[in-house]
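Colleague: In my numbering, the protein residues as written are 4 to 68.
If you scroll down you'll find the structure; I have some questions about it.
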C-alpha cells in the first residue's frame with residue numbers, strides 16, 4: 004500500500020503538462036484540451052509506502068498515437 008503519491012509529466016520544453024496525487028489516475032495524452040504530439044515525455048513519481056520511506060522515480064515515457 005502507498006500512503007502518499009504524486010506524478011508529474013513534463014513536455015520537451017520543461018512545461019508541466021500533467022500532475023496528480025491519485026495513484027489510480029493516469030495521463031490521457033492531452034494538455035489544455037489538446038492532443039499532444041507523439042514523442043518522449045519526462046515523468047517524476049514520488050511516493051511513500053507503509054514503511055514511511057520516501058521513494059522518487061524519474062524517466063521517460065513515449066506517447067504513440
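Glycine is no exception: its CB is placed at the ideal position from the N, C-alpha and C atoms.
From a predicted model like this one, the values you see are computed outputs, not experimental measurements.
Counting C-beta neighbours from all protein chains within 10 Å, is the total for residue 12 16 or more, i.e. buried, or is it exposed?
Modeller: Residue 12 should be labelled buried.
Colleague: Alpha carbons only, please: which of 60, 9, 59, 15 is nearest the one belonging to residue 22?
Modeller: Of 60, 9, 59, 15, the residue nearest in Cα terms is 9.
Colleague: Beta strand (DSSP E) containing residue 7: first to last residue?
Modeller: Looking at the DSSP string, the run of the beta strand (DSSP E) that includes residue 7 is 5-13.
Colleague: Can you tell me the Cα-Cα spacing of residue 45 and residue 4, whole angstroms?
Modeller: Answer to the nearest angstrom: the Cα atoms are 25 Å apart.
Colleague: In angstroms, rounded to a whole number, what distance separates the CA positions of residue 33 and residue 54?
Modeller: If I take the Cα positions, the gap works out to 34 Å.
Colleague: Rounded to the nearest angstrom, how far is the Cβ of residue 36 from that of residue 15, given a contact under 8 Å?
Modeller: Wrong, their Cβ atoms sit about 19 Å apart, outside the cutoff.
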